[in-house]
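These notes are about the structure you will find just below.
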Amino acid sequence: MGGRSLVRGEAINAWLGEEVRLSGGVLHFAGCLRIDGRLSGVTLEGGVLVVGEQASVSGRLEVDELIVFGVVDAVARVRNVVRIAAGGLFRGEMQLLRPGLRVEEGGRFQARVSAAEPPKPTAPLPAADAGQGTAHPGSPAGP
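The numbering of the sequence shown is this note's numbering, which starts it at 161 and goes up by one.
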């Protein structure tokens with residue numbers, strides 16, 4: 161695992177190989193997790209999630225970044241970037257907290273997508289004065 165690397169040279173902190181089968185449960189992780197096995201009914205929460213070419217993942221995802229080479233069938237909440245590589249498939253629902261969805265040629269994306277609403281101003285903008293306190297040319301200056 162120590163020598164494995166990922167897209168953009170990021171190191172993989174944890175790896176679940178092709179022989180791994182997991183049904184149900186919650187997995188919290190930091191850094192980058194690569195899955196090459198089959199996970200069903202799981203909740204995955206953490207940083208960068210990479211779903212390998214032979215992998216399939218179903219359940220709920222809450223991650224910073226999602227990179228899909230295999231098959232994902234999930235309800236996902238992604239804080240940064242989603243990349244569906246050629247041969248990858250994402251099905252389900254996705255909430256993007258920042259714009260950053262990239263589907264490469266040959267990748268498939270079959271999902272309902274919602275984007276986070278832009279932040280609302282905390283204080284209302286000042287209302288424009290209705291001409292009070294301003295003199296207009298040609299008007300008398302006062303009584």
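Note that beta-carbon positions come from the ideal geometry of N, C-alpha and C, so glycine has one too.
Could you tell me which uninterrupted beta strand (DSSP E) segments, each at least 3 residues in length, are contained entirely in the stretch 205-259, listed from first to last along the chain? Segments of the beta strand (DSSP E) lying fully in the stretch 205-259: 216-228, 231-244 and 249-256.
Just the Cα atoms here: how many angstroms apart are residue 208 and residue 223? Straight across, the Cα-Cα distance linking residue 208 with residue 223 is about 6 angstroms.
Give me the Cα-Cα distance between residue 241 and residue 265, rounded to the nearest whole angstrom. Answer to the nearest angstrom: the Cα atoms are 17 angstroms apart.
Kindly list the residues whose CB is nearer than 8 angstroms to the CB of residue 218, restricted to its own chain and excluding five residues on each side of it in sequence; keep chain order. The residues are 199, 200, 201, 202, 232, 233 and 234.
Out of curiosity, what's the CA-to-CA distance linking residue 225 and residue 238? Going by the C-alpha atoms only, they are around 6 angstroms apart.
Nearest-angstrom Cα separation, counted from residue 269 out to residue 275: Near 15 angstroms, if we compare the C-alpha coordinates of residue 269 and residue 275.
May I have the straight-line CA-CA distance separating residue 251 from residue 267, to the nearest angstrom? Roughly 11 angstroms between the two C-alpha positions.
Roughly how many whole angstroms lie between the Cα atoms of residue 173 and residue 246? One C-alpha to the other measures close to 24 angstroms.
Locate the beta strand (DSSP E) running through residue 189, then write down its first and last residues. Per DSSP, residue 189 lies in no beta strand (DSSP E) and is assigned neither H nor E.
Beta-carbon proximity check, residue 229 vs residue 206, cutoff 8 angstroms: With respect to the 8 angstroms criterion, residue 229 and residue 206 are not classified as neighbours on the basis of their beta carbons.
Helix, strand or coil at residue 202 according to DSSP, with G and I counted as helix: Strand at residue 202.
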